[in-house]
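Each residue of the sequence shown is one higher than the one before, counting from 117 in this note's numbering.
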Amino acid sequence: MKTFSSLALFFALAASLSAQPSAATFNTTTKIFRLDGDNVTYAFGVNPRGELQQMYWGGRVAATDSFPKTHPMREAASFDSSYTTTPQEYAGWGAGLFVEPALKVTFADGNRDLVLHYESHKEVEHGFDVVLKDIQRQVFVTLHYRIDAESGILARSATIENREQAPVTIEQAAAASWALPASHYTLNYLTGRWAGEWRLTQEALHPGARVIESRRGTTGHQANPWFAIQAGDSNEEHGEVWFGALAWSGSWRISVEQDQLDEVRVTGGFNPFDFGYVLAPNQSLETPVFYGGYSENGLGGASRILHNFELKNVLPRNRSDAPTPKPRPVIYNSWEATEFNVTEAGQVALAERAAALGIDRFVMDDGWFGQRKDDHAGLGDWYVNKEKFPQGLKPLIDKVRQLGMDFGLWVEPEMVNPDSDLYRAHPDWVLNFPGRPRSEQRNQLVLNLARPDVRDYVLGFLDKLLNDNEIAFLKWDYNRNWSEPGWDQLPAAEQKKVYVEFTRNLYVILAELRKRHPKVEIESCSGGGGRVDLGILKYTDEVWPSDNTDPFDRLSQQDGFTYAYTPQVMMAWVTDSPHDINKRSNSLVYAMLSSMQGSLGIGSNIVKWNDQDMATAKRLIASYHQVQPTIVQGDLYRLISPRDGSEFSATQTVNHDKTQSVVFAFIHSTQLGRGFPLLKLEGLNPDSNYALTPIEGKAKTGTPAVASGAWWMNHGLEMDEGFRGDFLGAAFKLDKKQD
Ligand code: GLA
117 MKTFSSLALF
127 FALAASLSAQ
137 PSAATFNTTT
147 KIFRLDGDNV
157 TYAFGVNPRG
167 ELQQMYWGGR
177 VAATDSFPKT
187 HPMREAASFD
197 SSYTTTPQEY
207 AGWGAGLFVE
217 PALKVTFADG
227 NRDLVLHYES
237 HKEVEHGFDV
247 VLKDIQRQVF
257 VTLHYRIDAE
267 SGILARSATI
277 ENREQAPVTI
287 EQAAAASWAL
297 PASHYTLNYL
307 TGRWAGEWRL
317 TQEALHPGAR
327 VIESRRGTTG
337 HQANPWFAIQ
347 AGDSNEEHGE
357 VWFGALAWSG
367 SWRISVEQDQ
377 LDEVRVTGGF
387 NPFDFGYVLA
397 PNQSLETPVF
407 YGGYSENGLG
417 GASRILHNFE
427 LKNVLPRNRS
437 DAPTPKPRPV
447 IYNSWEATEF
457 NVTEAGQVAL
467 AERAAALGID
477 RFVMDDGWFG
487 QRKDDHAGLG
497 DWYVNKEKFP
507 QGLKPLIDKV
517 RQLGMDFGLW
527 VEPEMVNPDS
537 DLYRAHPDWV
547 LNFPGRPRSE
557 QRNQLVLNLA
567 RPDVRDYVLG
577 FLDKLLNDNE
587 IAFLKWDYNR
597 NWSEPGWDQL
607 PAAEQKKVYV
617 EFTRNLYVIL
627 AELRKRHPKV
637 EIESCSGGGG
647 RVDLGILKYT
657 DEVWPSDNTD
667 PFDRLSQQDG
677 FTYAYTPQVM
687 MAWVTDSPHD
697 INKRSNSLVY
707 AMLSSMQGSL
717 GIGSNIVKWN
727 DQDMATAKRL
737 IASYHQVQPT
747 IVQGDLYRLI
757 SPRDGSEFSA
767 TQTVNHDKTQ
777 SVVFAFIHST
787 QLGRGFPLLK
797 LEGLNPDSNY
807 ALTPIEGKAK
817 TGTPAVASGA
827 WWMNHGLEMD
837 EGFRGDFLGA
847 AFKLDKKQD
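Listed below in structure tokens is the structure:
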């Protein structure tokens with residue numbers, strides 16, 4: 117892995133040198149702001165009325181090209197004012213605005229009219245800070261724009277400041293609005309539910325608004341804060357795509373609206389539902405960041421840009437000089453093997469088997485603390501259960517480390533069971549409306565992390581846990597959504613601040629823990645993939661995409677996941693068959709190959725595995741270790757989608773220097789004797805020669821052992837004739853031969 121880091125550093129430097137430089141310019145004559153990065157140009161201007169008007173977002177134009185002065189859009193009869201038809205960078209709700217506002221406020225005197233005009237701007241590194249102000253009142257909004265030179269991804273957010281003498285209540289605050297001209301578009305977004313996350317939903321945009329959101333206090337399984345809009349003729353590898361991802365792990369909303377002139381506006385930020393943030397005089401509110409990018413290579417190109425951006429600019433790195441985080445250790449996790457029934461002897465037995473497989477990290481899941489026998493008790497009491505671990509965690513951790521693995525532990529810090537010492541001591545610490553019922557889900561309540569004392573308690577016990585034990589990794593879980601989100605310590609008008617302060621405190625705790633324990637890594641889990649977004653990924657190294665570990669379901673879940681998130685963070689365990697979720701049986705090889713498309717883990721009851729299972733898993737873990745950097749950090753091509761009942765699926769990844777590529781092929785269920793489709797590979801260097809080595813399965817008899825990149829891309833890779841049946845997988849690697 118050391119070799120990989122230095123190689124990766126070299127290629128990242130080479131890539132950043134070859135990328136077109138970024139530029140942020142302001143033309144004082146035309147009053148146009150322009151941001152250029154990689155293949156992208158973004159432009160907006162101050163129109164004659166003083167509004168900040170969107171101009172252009174798309175492929176990079178020449179530095180010598182200049183945008184004409186901006187002109188507000190026309191009024192569409194007397195029913196649609198020019199204020200509503202003009203696409204603004206950040207429109208206040210006021211004047212005649214009927215489309216989604218970026219900002220809506222109520223002043224102390226009841227006035228709710230807010231019209232934001234350009235006031236000033238400052239050039240900063242890689243972008244601008246542009247200040248808007250209400251036409252009369254002292255409400256200032258600073259719009260932050262930063263463009264990434266390597267990807268062309270723009271990071272946008274806003275700071276809203278009250279310089280009035282009296283409080284102002286913010287009822288709606290977006291991070292940014294994006295606009296596209298009238299055309300035919302397809303919207304892509306991710307939907308799901310517990311154990312069914314990451315369904316790519318695609319639909320034509322029509323007049324009206326499509327709202328994707330979470331009102332749950334957290335990101336949610338049901339929708340994910342990511343979107344991609346394809347131009348009419350775009351597909352997986354061709355055509356224009358505009359995409360965005362919101363970095364926020366609280367309630368959020370993205371509204372994609374086609375207005376009365378067929379123009380498209382995408383506005384996203386805090387969810388305005390039940391929102392109310394009171395700004396006292398001189399206070400300000402910072403919105404989350406809304407990232408936006410553009411690709412001319414279809415949805416595949418969009419996700420490759422986003423993956424690289426996440427690796428280089430979002431995810432934490434334990435070494436600040438490394439260009440990307442290191443690939444994830446291959447883990448073993450005890451959950452599906454033992455559930456709550458963890459004991460020292462049982463975990464040691466699993467750890468011994470895990471070490472024999474070549475596992476890097478052993479993770480003990482739920483059940484080790486308080487009076488935790490099942491999900492009825494214990495959350496909140498983060499002391500070691502003495503019946504299960506009479507000498508504490510030390511003997512187990514020592515054993516795991518002696519076996520050559522590091523140790524990880526499950527926690528669910530923001531929750532409490534009413535049957536716990538913590539709740540008995542602090543019943544007022546939970547989200548609730550006093551005197552009203554407190555709805556339990558999974559027999560638990562949500563601690564009000566917005567409260568400073570709760571924040572300090574959570575930080576304190578986690579810090580102590582990490583100080584007292586040799587823990588390399590925390591699986592940070594979150595197993596319910598909010599209900600009755602009251603914060604009764606604050607005056608009535610201020611209680612809705614909980615939507616902002618809870619999530620901010622979560623980030624504060626994570627940042628502080630990472631500072632105090634820089635070697636500790638963290639996974640974001642929320643009953644599977646309920647908290648995956650670019651906000652939490654700034655503080656966590658990986659995520660648990662789903663509690664559904666059925667390897668066939670995972671193919672389509674992983675496919676959906678990779679539209680928005682890099683395979684580096686996509687943990688994928690192999691678990692026992694038949695899996696409870698579908699009662700379907702599958703081979704171990706099939707499950708291994710499915711999981712090897714992401715960051716591999718094992719979650720089976722390996723004590724029960726026979727010698728053949730052990731040998732199969734050991735062999736494939738060893739193969740995986742060799743190609744993991746290419747799989748999780750390379751450029752991903754989704755060659756055949758597993759969606760919509762597809763008979764087949766295939767993916768390919770190519771590392772950035774194009775010296776290695778890995779191909780996975782899966783058969784769901786062969787029908788009518790059909791052979792596996794020819795795989796025309798992508799992204800190789802046409803003039804280099806690549807040697808094909810099977811990881812699992814065979815290529816068609818007569819397939820050359822070595823052929824040019826041009827051969828693999830134009831002629832393609834053919835599977836063995838015998839590759840037919842149900843739930844089968846194959847994998848190959850291609851290594852560049854020395855020139
Ligand atoms: C959640 C997680 C699982 C497991 C259990 C433990 O459901 O997603 O992986 O950790 O909690 O209770």
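Yeah, the Cβ is synthetic: ideal placement off N, Cα and C, and Gly gets one too.
Separation of residue j from residue i, as counted between CA atoms
i: Leu629; j: Ile447; result: 22 Å
i: Tyr301; j: Gly268; result: 21 Å
i: Asp225; j: Phe256; result: 18 Å
i: Leu133; j: Asp773; result: Confidence at Leu133 is low in this model, with a pLDDT of 45, below 50, so its placement is unreliable and the value that follows should be read with caution. Their Cα atoms are separated by approximately 14 Å.
i: Lys249; j: Phe183; result: 25 Å
i: Ser121; j: Ala847; result: Caution is warranted here: a pLDDT of 42 is assigned to Ser121, below 50, making its placement in the model unreliable, and the coordinate value is therefore given only provisionally. Cα to Cα, Ser121 sits roughly 25 Å from Ala847.
i: Val659; j: Ala192; result: 47 Å
i: Trp599; j: Gly360; result: First, the residue type needs correcting, since residue 599 is Ser and not Trp in the sequence shown. Going from the Cα of Ser599 to the Cα of Gly360 covers about 29 Å.
i: Glu216; j: Phe389; result: 13 Å
i: Lys504; j: Trp451; result: 16 Å
i: Trp364; j: Gly385; result: 8 Å
i: Val405; j: Ser367; result: 14 Å
i: Gln854; j: Ser715; result: 29 Å
i: Pro445; j: Pro432; result: 15 Å
i: Val221; j: Asp544; result: 31 Å
i: Gln674; j: Ala707; result: 13 Å
i: Arg469; j: Asp481; result: 17 Å
i: Val690; j: Tyr393; result: 45 Å
i: Val574; j: Thr157; result: 44 Å
i: Asp696; j: Pro758; result: 21 Å
i: Phe160; j: Leu362; result: 21 Å
Cβ-heavy atom distance, residue i to the ligand GLA, below 7 Å
i: Asn163; result: no
i: Asn595; result: yes
i: Asp349; result: no
i: Gly524; result: no
i: Gly644; result: yes
i: Asp481; result: yes
i: Asp663; result: yes
i: Trp660; result: yes
i: Trp451; result: yes
Check: residue i C-beta below 7 Å from any heavy atom of the ligand HEM
i: Gly494; result: Although the ligand HEM was asked about, the structure shown includes only the ligand GLA as ligands.
Beta-carbon spacing of residue i, residue j below 8 Å
i: Gly717; j: Asn457; result: no
i: Ser173; j: Tyr410; result: According to the sequence provided, residue 173 is Trp. The question's Ser does not apply to it. Yes, Cβ-Cβ distance for Trp173 and Tyr410 is below 8 Å.
i: Ala680; j: Leu422; result: yes
i: Ser804; j: Lys849; result: no
i: Phe343; j: Leu303; result: yes
i: Val748; j: Pro667; result: no
i: Gly676; j: Leu316; result: yes
i: Gly644; j: Ala339; result: no
i: Ala795; j: Leu833; result: With the sequence shown as reference, residue 795 is identified as Leu, and Ala is not the correct amino acid for it. The answer is yes: Cβ separation under 8 Å.
i: Asn721; j: Ala453; result: yes
i: Glu205; j: Ser293; result: yes
Selected residue, minimal CA-CA separation from residue i, among the options
i: Asn75; options: Asp657, Asp497, Glu617, Phe389; result: Examination of residue 75 is not possible in this model, given that the chain is present from 117 through 855 alone.
i: Pro529; options: Asp375, Pro511, Leu495; result: Leu495
i: Ile251; options: Asp264, Tyr261, Arg228, Ser273; result: Arg228
i: Asp497; options: Leu401, Phe577, Gln169, Arg190; result: Phe577
i: Asp751; options: Asp669, Asp514, Thr775, Ala823; result: Thr775
i: Met171; options: Leu232, Ala298, Thr258, Thr665; result: Ala298
i: Pro441; options: Leu306, Gly761, Pro745; result: Pro745
i: Pro661; options: Leu650, Leu797, Cys641, Leu653; result: Cys641
**Asked** Whole alpha helix (DSSP H) runs in the stretch 413-448 with 4 or more residues, listed along the chain?
**Response** DSSP assignment within the stretch 413-448 yields the following whole alpha helix (DSSP H) runs of 4 residues or more, N-terminal first: 414-425.
**Request:** Output the residue ranges of the alpha helix (DSSP H) runs that lie fully inside the stretch 716-804 and measure 4 residues or longer, sorted by chain position.
**Result:** Fully enclosed alpha helix (DSSP H) runs of 4 or longer: 727-749.
**Prompt:** Unbroken alpha helix (DSSP H) runs of length 4 or more, entirely within the stretch 457-503: which are they?
**Reply:** Correct list: 460-473.
**beta strand (DSSP E) runs contained entirely in the stretch 184-257, provided each spans 3 or more residues** = Along the length of the stretch 184-257, whole beta strand (DSSP E) runs at least 3 residues long occupy 219-223, 232-240, 243-250, reported in chain order.
**Prompt:** Where in the stretch 604-689 do unbroken runs of the alpha helix (DSSP H), each at least 4 residues long, occur, reported from the N-terminal end onward?
**Reply:** Assignment of alpha helix (DSSP H) within the stretch 604-689, counting only whole runs of 4 or more residues, yields 614-632, 667-680 in chain order.
**Asked** Which ranges would you report for the beta strand (DSSP E) in the stretch 302-361 if only whole runs of at least 3 residues count?
**Response** Annotation: the stretch 302-361 contains the following complete segments of the beta strand (DSSP E) (minimum length 3 residues), in chain order: 315-320, 324-330, 339-347.
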